[in-house]
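**Student:** The structure is given below, and queries will be raised subsequently.
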Amino acid sequence: MINFDENKMIDNGLFIYEARNQLEAIANNICQQGLSNIFFSSVGGSQAMMEPFADMINEMSPIPVYCVLSSTLVMTGHNQLNQNSLVFMSSKSGDTPETVAGAQYLKEKGCTIVSIVGKKDSPLEKLSDYSFVYEEGRPQELVLYLLIGKILNNQGFFDQYNQFADELKELPAVLVSVRKTVDDKAIEYCKNYHNEPYQIWIASGNLWPVCYSYAMCVLEESQWIRTKSVSSSEFFHGTLELIEKDVCTTLLITEGKTRSLDLRVKKFLEKYTNKLTVFDCKDFVYPHISDEFRPLLSPVVMNAILQRISKNMEVITNHSLDIRRYYRKVDY
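Residue numbering for the sequence shown follows the numbering used here, beginning at 1297 and increasing consecutively.
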């Protein structure tokens, strides 16, 4: 397997998991302070990484939760923001201008800010009440599984949290196994479709943020492949008319509550395109993870699956994932 270091992946995952006590202490402090609602506010892939946790909160609790892009928030404000609002923010660099501006705005509002950042001493970290610096740690989602899970548990909405958190120790190994299992399929996908004029990507529920982020931040930003993403919920209200026999279409299927929406789309696509690829979380084994927790892990598992497309695609296209024409290259 190219661009694959199993030991490093395990170590990077354990780096985050070993901070469980630190993260749970943050959750405890937040709950002691009290919270009226929860916001997720960043931009780009960092925002998309957090949005499945809004679904998790909505499904498990009555806590009001909102996803608002930082660049929008500073322009429009939000009437639900108050001094008891808890805001999660994320930035790999810690200096994403829109996110930093959002943090400054939220600081002025007196909100509690929890940031997930990749570098120490970043502007975002300094503006935050609590922060976790993951450095080389992966996946970042593990930070939120522990933080959000513990908050929900403290609020009386996730009684099985301790079992879930205990089993998350196995997540790094699970993601390694998933990557190994899917790699041959990912290679075949890249060989078949790297030259397509455009692609359509579809998902629902807790995989919708994964889908639109992959289409935008990897295929478009990192590979310059023209891509349309649409949710399974909306597919039959417009995008279905673009489906033809030779249209490259990729469907990501969750194990969450919206799975039936994905399966409906799958049934349609199997009739009308010869270039359908399906990645279904249900097809993968999660050693030592209880079945009841599998739906929660669909986003992080799918990201591991898609990473194998990315790593193989950059080799087959001879186009590094790090090449940019405009991002952080020119003023805009």
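Heads up, the beta-carbon is just placed ideally off N, CA and C, and yes, glycines get one too.
Note that the coordinates shown come from a computational prediction; the quantities given were computed from them, not determined experimentally.
1. Looking at Ile1605 and Tyr1485, is the spacing between their C-beta atoms short of 8 Å?
2. Using the Cα positions of Thr1535 and Gln1519, report the straight-line distance between them to the nearest angstrom.
3. When DSSP labels each residue in this structure, what does Ala1350 get in the three-state scheme?
4. Taking only the alpha-carbon atoms, compute the straight-line gap between Phe1300 and Leu1442 and give it to the nearest angstrom.
5. With Val1543 and Thr1569 assumed to form a contact (beta carbons below 8 Å), what rounded beta-carbon distance in angstroms separates them?
6. Straight-line CA distance for Pro1493 to Lys1607?
7. What do you get for Asn1599, buried or exposed, if any count of 16 or more other CB atoms within 10 angstroms of its CB means buried?
8. Determine the DSSP secondary structure at Met1297, reduced to helix, strand or coil.
9. Would you kindly work out how many angstroms separate the C-alpha atoms of Thr1395 and Ser1556, rounded to a whole number?
10. Kindly indicate which residue of Thr1392, Ser1367, Ile1359, Lys1388 has the alpha-carbon position closest to the one of Gln1376.
11. Suppose you measure from the CA of Met1512 to the CA of Phe1575; what does that come to, to the nearest Å?
12. Which one of Val1339, Leu1547, Asn1354, Asp1391 has the shortest CA to CA distance from Thr1368?
13. For Asp1417, which three-state DSSP category applies?
14. Taking its Cβ as the centre, do 16 or more other Cβ atoms sit within 10 Å of Ala1321, making it buried, or is it exposed?
15. Can you tell me where the alpha helix (DSSP H) with Val1383 in it begins and where it stops?
16. In the DSSP assignment, what are the bridge partners of Gln1495?
17. Flag this pair as touching only if the segment 1466-1476 and the segment 1344-1358 have three or more C-beta atom pairs under 8 Å; answer yes or no.
18. Which parts of the segment 1413-1474 are runs of the beta strand (DSSP E), unbroken and 3 residues or longer, counting only runs that do not cross its ends?
19. Can you list, in chain order, the residues of its chain whose CB lies under 7 Å from that of Phe1460, leaving out five sequence neighbours each side?
20. Excluding sequence positions up to five away, which residues of its chain have a Cβ less than 7 Å from the Cβ of Ser1500?
21. For a test of the three-state rule: what should DSSP assign to Asn1599, helix, strand or coil?
22. Just to confirm the assignment, what range does the alpha helix (DSSP H) spanning Ile1326 have?
23. Determine, using beta carbons only, whether Ser1424 and Ile1447 come nearer to each other than 8 Å.
24. Does the distance from the CB of His1374 to the CB of Val1364 come in under 8 Å?
25. Check the C-beta distance from Ile1306 over to Val1470 and give it rounded, since I have them as a contact under 8 Å.
26. How would you call Thr1546, buried or exposed, if buried means at least 16 neighbouring beta carbons within 10 angstroms?
27. Looking only at its chain, what residues have a beta carbon closer than 7 Å to the beta carbon of Asn1502, apart from the 5 residues adjacent to it on each side?
28. Closest to His1615 by CA distance: which of Ala1399, Lys1578, Lys1541, Leu1515 is it?
29. Within the continuous beta strand (DSSP E) that includes Phe1589, where are the two ends?
30. State the CB to CB distance for the pair Asn1309 and Arg1434, rounded to an integer number of angstroms; the pair is presumed to be in contact (CB under 8 Å).
31. Give the straight-line distance between the Cα atoms of Tyr1457 and Ser1342, rounded to the nearest whole angstrom.
32. Taking Phe1335 as part of the beta strand (DSSP E), name the residues at either end of that continuous run.
33. Between which two residues does the beta strand (DSSP E) containing Val1361 stretch?
**Tutor:** According to the data block:
1. Stepping through the sequence shown from its first residue, residue 1485 is reached at position 189. Stepping through the sequence shown from its first residue, residue 1605 is reached at position 309. Yes. Within cutoff.
2. For the purposes of this step, residue 1535 is identified with residue 239 of the sequence shown, where counting begins at 1. For the purposes of this step, residue 1519 is identified with residue 223 of the sequence shown, where counting begins at 1. Each residue's alpha carbon lies about 23 Å from the other.
3. Locating residue 1350 in the sequence shown gives position 54, where the first residue counts as 1. In this structure, Ala1350 counts as helix in the three-state DSSP scheme.
4. Counting from one through the sequence shown, the residue named residue 1300 turns up at place 4. Counting from one through the sequence shown, the residue named residue 1442 turns up at place 146. If I take the Cα positions, the gap works out to 26 Å.
5. Along the sequence shown, read from residue 1 onward, the residue named residue 1543 stands at position 247. Along the sequence shown, read from residue 1 onward, the residue named residue 1569 stands at position 273. About 5 Å; that satisfies the 8 Å criterion.
6. Translated into positions along the sequence shown, residue 1493 becomes position 197. Translated into positions along the sequence shown, residue 1607 becomes position 311. One C-alpha to the other measures close to 20 Å.
7. Taking the first residue of the sequence shown as position 1, residue 1599 is located at position 303. Flag for Asn1599 reads buried.
8. For the purposes of this step, residue 1297 is taken as the residue at position 1 of the sequence shown. Of the three classes helix, strand and coil, the one that applies to Met1297 here is coil, per DSSP.
9. Position 99 of the sequence shown, counted from the start, is the residue given in the question as residue 1395. Position 260 of the sequence shown, counted from the start, is the residue given in the question as residue 1556. Whole-angstrom Cα-Cα distance: 35 Å.
10. The residue given as residue 1376 occupies position 80 in the sequence shown. Ranking Thr1392, Ser1367, Ile1359, Lys1388 by Cα distance to Gln1376 puts Ile1359 first.
11. Taking the first residue of the sequence shown as 1, we reach residue 1512 at position 216. Taking the first residue of the sequence shown as 1, we reach residue 1575 at position 279. Looking at the two C-alpha atoms, the distance is approximately 18 Å.
12. The residue you call residue 1368 lines up with position 72 of the sequence shown. Answer by Cα proximity: Val1339.
13. Position 121 of the sequence shown, counting from 1, holds the residue named residue 1417. Three-state result, Asp1417: coil.
14. Along the sequence shown, read from residue 1 onward, the residue named residue 1321 stands at position 25. Flag for Ala1321 reads exposed.
15. Locating residue 1383 in the sequence shown gives position 87, counting from the first residue. Where Val1383 is concerned, there is no enclosing alpha helix (DSSP H), although the beta strand (DSSP E) it sits in stretches over 1381-1387.
16. Counting from 1 along the sequence shown, the entry for residue 1495 is found at position 199. Note: Gln1495 sits in a beta bridge opposite Thr1523, Cys1544.
17. no
18. 1426-1429
19. Sequence index remark: in the sequence shown, residue 1460 carries index 164 (1-based). Closer than 7 Å at the Cβ level, and outside the excluded window around Phe1460, lie Gly1445, Phe1589.
20. In the sequence shown, the residue the question calls residue 1500 occupies position 204. So the qualifying residues of the chain are Ser1527, Ser1528, Ser1529, Thr1550, Thr1554, Leu1557, Asp1558.
21. The sequence position of residue 1599 within the sequence shown is 303, counting from 1. Note: Asn1599 maps to helix in three-state DSSP.
22. Residue numbering aside, residue 1326 sits at position 30 when the sequence shown is read from its first letter. Taken as a continuous stretch (DSSP letters only), the alpha helix (DSSP H) holding Ile1326 covers 1316-1329.
23. Here residue 1424 is taken as the residue at index 128 of the sequence shown, counted from 1. Here residue 1447 is taken as the residue at index 151 of the sequence shown, counted from 1. No, the pair does not count as a contact, with Cβ atoms beyond the cut-off.
24. On the sequence shown, position 78 is the one that residue 1374 refers to. On the sequence shown, position 68 is the one that residue 1364 refers to. In contact: His1374 and Val1364 (Cβ atoms closer than 8 Å).
25. Position 10 of the sequence shown, counting from 1, holds the residue named residue 1306. Position 174 of the sequence shown, counting from 1, holds the residue named residue 1470. With a Cβ gap of about 11 Å, Ile1306 and Val1470 do not count as contacting.
26. The residue labelled residue 1546 in the question sits at position 250 within the sequence shown. The residue is buried, with at least 16 neighbouring Cβ atoms inside 10 Å.
27. Translated into positions along the sequence shown, residue 1502 becomes position 206. Same-chain partners within the cutoff: Pro1348, Asp1351, Thr1550, Gly1552, Ser1594, Pro1595.
28. Position 319 of the sequence shown, counted from the first residue, corresponds to residue 1615. Selected option, being the one with the closest Cα: Leu1515.
29. Counting from 1 along the sequence shown, the entry for residue 1589 is found at position 293. Counting along the chain, Phe1589 falls outside any beta strand (DSSP E), and DSSP gives it neither H nor E.
30. Here residue 1309 corresponds to residue number 13 of the sequence shown, with the count starting at 1. Here residue 1434 corresponds to residue number 138 of the sequence shown, with the count starting at 1. Per the sequence shown, the amino acid found at residue 1309 is Gly instead of Asn. The pair is a contact, with the Cβ atoms about 6 Å apart (cut-off 8 Å).
31. On the sequence shown, position 161 is the one that residue 1457 refers to. On the sequence shown, position 46 is the one that residue 1342 refers to. Straight-line Cα distance between these residues: approximately 24 Å.
32. Locating residue 1335 in the sequence shown gives position 39, counting from the first residue. Run containing Phe1335: 1333-1336, per the beta strand (DSSP E) assignment.
33. To locate residue 1361, count along the sequence shown from 1; it is residue 65. That run of the beta strand (DSSP E) goes 1361-1363.
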